[in-house]
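S.K.: Dumping the structure here so I can ask a few things about it.
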Amino acid sequence: MKVVTTLAEMRELRGQLAGSVGFVPTMGYLHEGHLELVRHARAENQTLIVSIFVNPAQFGPGEDFASYPRDPERDLALLEKEGVDFVFMPSAEEVYPQGFTSWVEIEKVSERLEGATRPGHFRGVATVVAKLFNIVQPTRAYFGQKDAQQLIVIKKMVSDLDMNLEVVAVPTVREPDGLALSSRNSYLSPEERQAALVLWKALGLAQELWDKGEKSAERLRQEMTSMIESEPLAKIDYVSIADPETLEELEEVDRAALVSLAVRIGKTRLIDNITLGE
Ligand code: AMP
0 MKVVTTLAEM RELRGQLAGS VGFVPTMGYL HEGHLELVRH ARAENQTLIV
50 SIFVNPAQFG PGEDFASYPR DPERDLALLE KEGVDFVFMP SAEEVYPQGF
100 TSWVEIEKVS ERLEGATRPG HFRGVATVVA KLFNIVQPTR AYFGQKDAQQ
150 LIVIKKMVSD LDMNLEVVAV PTVREPDGLA LSSRNSYLSP EERQAALVLW
200 KALGLAQELW DKGEKSAERL RQEMTSMIES EPLAKIDYVS IADPETLEEL
250 EEVDRAALVS LAVRIGKTRL IDNITLGE
């Protein structure tokens, strides 16, 4: 496994590769969710490249960029075990040199949910992912269903801008009790960790009511909202039942629907989702 820190070297190495290239972009502090993406990519491609870059452009002022958890040594040891060929770990100066002024903006699907709560977030995500795609030129890039809206935004970018690669979605990896793995779970105190289960419980409730025949999206949102509100440490950012492609809120769940939510547990903001009627 080779660690690469400059764009020039990554580009040079990429140029020497023959066959398919799988790519997994991450912000590091790796857990089993990331490793699941890595395993899919390893199985399906001749060469595997993973990037670790905490992207300042996707954090808003007052968000956790400075305190975002980092442990590059541990990350590298985990990736080595998974048989990764190259780890690309550029500095922020390398990715955004002085005078950088170009941004990728995906309209509409970026404006809802996460985009509404975190203005500029998806502009930062789309820009860095576009840059990474240009440098790595992957055959396939792997993203987690955990960040459902991010996946939709990236797919839209790839399609709208004619990027020559396949975007592969990987199902969410969860703790045995249902909590979706996230680097931000490390912020939770034991009491908050317990309270954080309410996200999974609320998604389970939506699934259960829908299975029993409840098709009113508003009823489903209301039931989920009251369940989350009964948890004293939880504060809702949004509860959404939307079209899985346009992210427009639904009235009736009479076709596939993305049920997604963002909830603050103490100071930690967590997101999760499921799809109904797939
Ligand atoms: P991040 O490091 O948070 O930017 O995540 C890097 C990639 O890992 C993204 O495509 C995420 O959607 C994915 N990911 C994060 N958590 C999980 C999880 N619990 N299950 C599956 N994929 C995940």
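No gaps in the numbering here: position 127 of the sequence shown is 126 in numbering that gives the first Met the number 0, and each next residue is one more.
Yeah, the Cβ is synthetic: ideal placement off N, Cα and C, and Gly gets one too.
Note that the structure is a prediction, hence the values are computed from the model and not measured.
Pick helix, strand or coil for arginine 117, following the three-state DSSP scheme.
M.R.: Indexing the sequence shown from 1 puts residue 117 at position 118. Correct three-state label for arginine 117: coil.
S.K.: Could you spell out where the beta strand (DSSP E) holding lysine 234 opens and where it closes?
M.R.: Stepping through the sequence shown from its first residue, residue 234 is reached at position 235. First-last of the beta strand (DSSP E) with lysine 234: 233-241.
S.K.: Going by DSSP, what residue range makes up the alpha helix (DSSP H) through glutamate 72?
M.R.: Translated into the one-based positions of the sequence shown, residue 72 becomes position 73. Note, glutamate 72: alpha helix (DSSP H), 71-80.
S.K.: For a test of the three-state rule: what should DSSP assign to proline 24, helix, strand or coil?
M.R.: Residue mapping note: residue 24 aligns to position 25 of the sequence shown, counting from 1. Reduced to three states, the DSSP call for proline 24 is strand.
S.K.: Can you find the residues in the same chain that come closer than 7 Å, C-beta to C-beta, to glutamate 213, ignoring five residues on each side of it along the sequence?
M.R.: In the sequence shown, the residue the question calls residue 213 occupies position 214. Cβ neighbours of glutamate 213 beyond the five flanking positions: Leu219.
S.K.: Cβ of phenylalanine 52 versus every heavy atom of ligand 1: is any distance shorter than 7 Å?
M.R.: On the sequence shown, position 53 is the one that residue 52 refers to. Not under cutoff, so the answer is no.
S.K.: Is valine 127 closer than 8 Å to phenylalanine 52 when the C-beta atoms are compared?
M.R.: Within the sequence shown, numbered from 1, the residue matching residue 52 stands at position 53. Within the sequence shown, numbered from 1, the residue matching residue 127 stands at position 128. For phenylalanine 52 and valine 127, yes; Cβs fall inside 8 Å.
S.K.: My output table needs one value for glycine 143: the three-state DSSP class, helix, strand or coil.
M.R.: Counted from its first residue, the sequence shown places residue 143 at position 144. Glycine 143 falls in the strand class under three-state DSSP.
S.K.: How many angstroms separate the CA atom of asparagine 184 from the CA atom of aspartate 70?
M.R.: In the sequence shown, residue 184 corresponds to position 185, counting from 1. In the sequence shown, residue 70 corresponds to position 71, counting from 1. Spanning the two alpha carbons is a distance of roughly 15 Å.
S.K.: Out of Arg139, Leu160, Gly143, which has the shortest C-alpha to C-alpha gap to valine 166?
M.R.: Counting from 1 along the sequence shown, the entry for residue 166 is found at position 167. Per the Cα distances, Arg139.
S.K.: Exposed or buried, what is threonine 245 when buried is set at 16 or more other beta-carbons lying within 10 Å of its beta-carbon?
M.R.: Against the sequence shown, residue 245 aligns to sequence position 246. When all chains shown are included, threonine 245 counts as exposed.
S.K.: Using CA coordinates, which residue listed in Gly18, Pro24, Ala17, Ser229 is at the minimum distance from aspartate 146?
M.R.: Locating residue 146 in the sequence shown gives position 147, counting from the first residue. Ranking the options by Cα distance to aspartate 146, first place goes to Pro24.
S.K.: Using 7 Å as the cut-off, classify the Cβ of alanine 125 as near or not near the heavy atoms of ligand 1, replying yes or no.
M.R.: Residue numbering aside, residue 125 sits at position 126 when the sequence shown is read from its first letter. Flag unset: Cβ of alanine 125 not near ligand 1.
S.K.: Give a single yes or no on whether threonine 25 has its beta carbon closer than 7 Å to a heavy atom of ligand 1.
M.R.: Taking the sequence shown and counting its residues from 1, one reaches residue 25 at position 26. True, at least one ligand heavy atom lies under 7 Å from that Cβ.
S.K.: Taking three-plus beta-carbon pairs below 8 Å as touching, is the stretch 118-137 in contact with the stretch 256-272?
M.R.: The answer is no - the stretch 256-272 does not touch the stretch 118-137, with fewer than three Cβ pairs under 8 Å.
S.K.: Judging by CA-CA distance, which residue of Tyr67, Thr46, Ala42 is the nearest neighbour of asparagine 54?
M.R.: Numbered from its first residue, the sequence shown carries residue 54 at position 55. Asparagine 54 has its Cα closest to that of Tyr67, out of Tyr67, Thr46, Ala42.
S.K.: Restricting to Cα atoms, I'd like to know which of Ala205, Leu196, Arg254 is closest to serine 233.
M.R.: Within the sequence shown, the letter at position 234 stands for residue 233. This sequence places alanine at residue 233; serine is not what is there. For the residues Ala205, Leu196, Arg254, the minimum Cα distance to alanine 233 belongs to Leu196.
S.K.: Should glutamate 191 and threonine 267 be called a contact, given that it needs their Cβ atoms to be closer than 8 Å?
M.R.: Numbered from its first residue, the sequence shown carries residue 191 at position 192. Numbered from its first residue, the sequence shown carries residue 267 at position 268. Yes. Within cutoff.
S.K.: With distance defined between alpha-carbon atoms, name the residue in Leu6, Gly18, Tyr28, Leu16 nearest to leucine 180.
M.R.: For the purposes of this step, residue 180 is taken as the residue at position 181 of the sequence shown. If we check each option's Cα against that of leucine 180, Tyr28 comes out closest.
S.K.: Is any heavy atom in ligand 1 found nearer than 7 Å to the beta carbon of threonine 171?
M.R.: The sequence position of residue 171 within the sequence shown is 172, counting from 1. Yes - ligand 1 has a heavy atom lying nearer than 7 Å to the Cβ of threonine 171.
S.K.: Can you check DSSP and say which residues form a bridge with isoleucine 273?
M.R.: Translated into positions along the sequence shown, residue 273 becomes position 274. Partner(s): Val258.
S.K.: Using a threshold of 7 Å, is the CB atom of histidine 39 nearer than that to any non-hydrogen atom of ligand 1?
M.R.: Residue mapping note: residue 39 aligns to position 40 of the sequence shown, counting from 1. No, since every heavy atom of ligand 1 falls outside the 7 Å radius drawn around the Cβ of histidine 39.
S.K.: Within the present structure, is the beta-carbon of glutamate 174 separated from the nearest heavy atom of ligand 1 by less than 7 Å?
M.R.: Numbered from 1 along the sequence shown, position 175 holds the residue referred to as residue 174. Every heavy atom of ligand 1 is 7 Å or more from the Cβ of glutamate 174, so no.
S.K.: Would you say glutamine 149 touches ligand 1, meaning its beta carbon is less than 7 Å from a heavy atom?
M.R.: Walking along the sequence shown from the start, residue 149 turns up at place 150. Under cutoff, so the answer is yes.
S.K.: Taking 8 Å as the threshold, find out whether the stretch 86-105 comes into contact with the stretch 236-251 through three or more Cβ pairs.
M.R.: Output reads no: the stretch 236-251 does not touch the stretch 86-105.
S.K.: Can you name, in chain order, every residue of its own chain whose Cβ lies under 6 Å from the Cβ of histidine 33, other than the five neighbours on each side?
M.R.: Residue 33 sits at position 34 when you count from the first residue of the sequence shown. Only Thr25 meet the Cβ criterion.
S.K.: Between the alpha carbons of valine 94 and tryptophan 209, how many angstroms are there, rounded?
M.R.: Counted from its first residue, the sequence shown places residue 94 at position 95. Counted from its first residue, the sequence shown places residue 209 at position 210. Near 45 Å, if we compare the C-alpha coordinates of tryptophan 209 and valine 94.
S.K.: Leaving out the 5 sequence neighbours to the left and right, which residues in its chain are closer than 7 Å to glutamate 81 when beta-carbon positions are compared?
M.R.: Locating residue 81 in the sequence shown gives position 82, where the first residue counts as 1. Here the set comprises Leu34, Val37, Arg38, Arg41.
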